[in-house]
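**Q** Provided herewith is a single structure, encoded as structure tokens, for subsequent inquiry.
2 protein chains.
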Amino acid sequence: MERSGGRGGQPRVGTREVVLAAVRLFTENGFESTTVDQIAAASGVSRRSLFRRFGSKEDILFAEHDELFSTVSAYLEASPDEPLASAFAAARLVLRGYLEDPEVTLPRYRLVRAHPRLRDREVAMTARYQAAFSRYLTRRTGGEANALAAGVAAASLISAHNHVLREWLRDPVQDASAVLARFEEATDLVRRAAEPVLHAGRGSAEDRVLVAVYPGGTGREELLRRIGAAVQG
Amino acid sequence: MERSGGRGGQPRVGTREVVLAAVRLFTENGFESTTVDQIAAASGVSRRSLFRRFGSKEDILFAEHDELFSTVSAYLEASPDEPLASAFAAARLVLRGYLEDPEVTLPRYRLVRAHPRLRDREVAMTARYQAAFSRYLTRRTGGEANALAAGVAAASLISAHNHVLREWLRDPVQDASAVLARFEEATDLVRRAAEPVLHAGRGSAEDRVLVAVYPGGTGREELLRRIGAAVQG
DNA sequence: CCCTACGTGGCATTCGGTGCCAGACTAAGG
DNA sequence: CCTTAGTCTGGCACCGAATGCCACGTAGGG
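Chains G and X, in that order, give the protein sequences. The numbering of the first sequence is our numbering, which starts it at 20 and goes up by one. The numbering of the second sequence is our numbering, which starts it at 20 and goes up by one.
As structure tokens, then:
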């Protein structure tokens, strides 16, 4: 048939265009009612090539997400900073990836909410991030002996990220900087929870952790008295 | 054809038998190389009925997992205990569900590791638990205002659960009680991380959190001296 | 005995996904 | 310039998962 360029060898009609065409069709007709043939016709790429390049119909929706994962993964490997801070920065990178491409991420979110199958695919994607973060933190904070704490820290981070992300997806009016500010708040909370646990395993195995929650107005002496009463010796 | 019972109305040939037949075939021939027709032939249920009862080929593998989820979900709803403790107990219930049915869970783990597609399905399953725990904790610990902390706590709990579970799946020699003991250790760690965060939002907004890590040999006075030095007043 | 309800199996069909093959184009090497 | 290798492409045939439709058989209630 009629082909535009087709100067064999390198890339092709452009992944972006295919994704946008697919997103449009999915949004108009629903995900399941849209056939791959329709996407092929709308994007100017043959059915066969679609499967070759994207793997499956679902994967078309998450193609750019995959690229983002590669970017973040590489960033993590190269990051020289303190482990937990690097993981936080990587998660921020993911968030920015979403914020910078609302044309795809917003319709995809609506589709994901409507179709359990896509929901599972999205969940699998975040699980890949979590696994990557978990492995990274494990490697950088004491190895296998600390795998549990590293996994918990990664899970907490991903959870906070998803929480902030979902707030934006549900209400995309907020601008990116406000969302990123929310993310910083959320990671502060995670840091308070994860940092002591993550570092507890690094020193002696006999280390102990003390956690106290007290009203802001509590005096220093009163605080020490209560802690003293709670600690056995 | 030849049918065993078939006294119309209620259940049928038994979900368990179908699952076991499927697990055996998947293990022998691989997941993708096993056709639904083979499962139908081996289990004595027609192809059509398999799809009607399980939904998809994958779902046959996770059928009993789905039942477990229903059980745990109901348990959570009915639990009168302290929220975080209830969530921990529910997670322990999940773990026991795995431990008590190695005939299915162990082969399934091997299959899941080998096939990315099944891996995604498994991940989606744990995400369902996490979402359920998160909603539960949100509802029972301050509502939407505390959703972030509740989500982080749920993620931490699920992560710890999966960590312990995976240890057993990789090395099933350990007996159930040892695994459950490991789980208690793991949840202790999660409790230290999650409890202060989860409760921080419940009292006054002015509440503060103190976390101290110290060697096990530290004396009570020395501990109080250091904390006193660290607290501003 | 009829009627309703439900689980079942067979059949036809749709559609996602793969293997295979041939064509188009580029870059490197003689 | 021609050849060769490598890569991306589209068309075709095929497999198998999944769904809709229909007919059957068995239970329980009137």
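Here a beta-carbon is modelled for each residue, glycine too, at the ideal position from N, C-alpha and C. Quick caveat, the model's predicted, so the values are computed rather than measured.
#1: How far does the alpha helix (DSSP H) with X/Q149 in it reach, from first residue to last?
#2: Mind pulling the chain X residues with CB within less than 7 Å of G/A146?
#3: Run down chain X in chain order and give the residues with a C-beta less than 7 Å from the C-beta of G/I246.
#4: Return the CA-CA distance between X/E240 and X/R210, expressed in angstroms with no decimal places.
#5: Tell me which residues share the same chain as X/D56 and place their Cβ nearer than 8 Å to its Cβ, disregarding the 5 neighbours each side in the sequence.
#6: Under three-state DSSP, which class holds G/I246?
#7: In chain X, which residues lie less than 8 Å from G/A168 when you measure between Cβ atoms?
#8: With the cut-off set at 8 Å, would you say X/V64 and X/V37 are in Cβ contact?
#9: Quick one: residues in its chain with C-beta nearer than 7 Å to the C-beta of G/I149, no 5 flanking neighbours on either side, listed in chain order?
#10: Tell me which residues of the stretch 177-192 of chain G have at least one Cβ-Cβ distance to chain X shorter than 9 Å, keeping chain order.
#11: Among G/L208, G/H218, G/S196, which one has its Cα closest to the Cα of G/L114?
#12: Just to check my reading of the structure: X/V171 and G/A82 have Cβ atoms closer than 8 Å, yes? What is that Cβ distance to the nearest angstrom?
#13: Relative to the alpha-carbon of X/E77, which residue among X/E204, X/R127, X/E163 has its alpha-carbon at the smallest distance?
#14: Any Cβ of chain X within less than 8 Å of the Cβ of G/R211?
#15: Determine the burial state of G/I246: buried for a count of at least 16 other Cβ atoms within 10 Å of its Cβ, exposed for fewer.
#16: In the DSSP assignment, find the unbroken alpha helix (DSSP H) run with X/D85 in it and report its ends.
#17: Can you tell which of G/H218, G/L95, G/P99 has its C-alpha closest to the C-alpha of G/A164?
#18: Contact between the stretch 137-148 of chain G and the stretch 135-148 of chain X is defined here as three or more beta-carbon pairs at a separation below 8 Å; is this criterion met?
#19: Could you say which of X/F152, X/L39, X/G116 lies nearest to X/E86 if we only look at CA atoms?
#20: For X/H106, which option in X/V42, X/L242, X/E214 has the closest C-alpha, if you only look at C-alpha atoms?
#21: For the stretch 85-98 of chain G, list every residue whose C-beta sits within 7 Å of some C-beta in chain X, in sequence order.
#22: With the cut-off set at 8 Å, would you say X/L167 and G/A179 are in Cβ contact?
#23: Please confirm whether X/R239 has its beta-carbon closer than 8 Å to some beta-carbon of chain G.
#24: Give the C-beta separation of G/L69 and G/A59 to the nearest angstrom, bearing in mind that I take them to be a contact with Cβ-Cβ under 8 Å.
#25: Would X/A40 and X/L80 qualify as a contact pair, given that the criterion is a beta-carbon distance under 8 Å?
#26: Along chain X, which residues have their Cβ under 7 Å away from the Cβ of G/A133?
#27: Helix or strand or just coil, what does DSSP make of X/E214?
#28: For G/R154, which residues from the same chain have a beta carbon less than 7 Å from its beta carbon, with the 5 sequence-adjacent residues on both sides left out?
#29: Run through chain X and tell me which residues come within less than 7 Å of G/V216, C-beta to C-beta.
#30: Assign X/T160 to buried or exposed, taking buried as 16 or more other Cβ atoms, counted over all protein chains shown, within 10 Å of its Cβ.
#31: Give a yes or no on whether the C-beta atoms belonging to X/L208 and G/V216 are separated by under 8 Å.
#32: For the stretch 25-56 of chain G, which residues have a beta carbon sitting closer than 8 Å to at least one beta carbon of chain X?
#33: Would you mind telling me which residues of chain G sit closer than 8 Å to X/A109, beta carbon to beta carbon, in chain order?
#34: Below 6 Å CB to CB, which residues in the same chain sit around G/L95 once its five sequence neighbours on both sides are set aside?
#35: Would you say G/G252 lies against chain X (beta-carbon separation less than 8 Å)?
#36: Does the Cβ of X/G48 have 16 or more other Cβ atoms within 10 Å, making it buried, or fewer, making it exposed?
**A** Considering the structure as presented:
#1: 135-159
#2: What G/A146 touches in chain X: V142.
#3: L243, I246
#4: Approximately 26 Å, taken between the alpha carbons.
#5: R66
#6: Note: G/I246 maps to helix in three-state DSSP.
#7: L208
#8: yes
#9: Strictly speaking, residue 149 of chain G in this sequence is Gln, with Ile absent from that position. Answer for G/Q149: A173, A174, I177, listed in chain order.
#10: I177, S178, A179, N181, H182, V183
#11: Per the Cα distances, G/S196.
#12: Contact flag wrong, Cβ pair sits at about 30 Å.
#13: X/R127
#14: yes
#15: buried
#16: 82-97
#17: G/H218
#18: A contact exists between the stretch 137-148 of chain G and the stretch 135-148 of chain X.
#19: Answer by Cα proximity: X/G116.
#20: It should be noted that the sequence gives Ala, not His, for residue 106 of chain X. It is X/E214.
#21: none
#22: yes
#23: yes
#24: 6 Å
#25: no
#26: Per Cβ cutoff of 7 Å: no residues; G/A133 is ~16 Å from chain X at best.
#27: helix
#28: none
#29: L208, R211, A212
#30: buried
#31: yes
#32: none
#33: Going along chain G, no residue has its Cβ under 8 Å from X/A109, so there is no contact; the nearest lies around 17 Å.
#34: A109, Y155
#35: Low confidence applies to G/G252: its pLDDT is 45, below 50, so where it sits in the model is not reliable enough to give any reading.
#36: A small fix is needed here, since residue 48 of chain X is Asn in this sequence, not Gly. By the neighbour-count rule (16 or more Cβ atoms within 10 Å), X/N48 is not buried but exposed.
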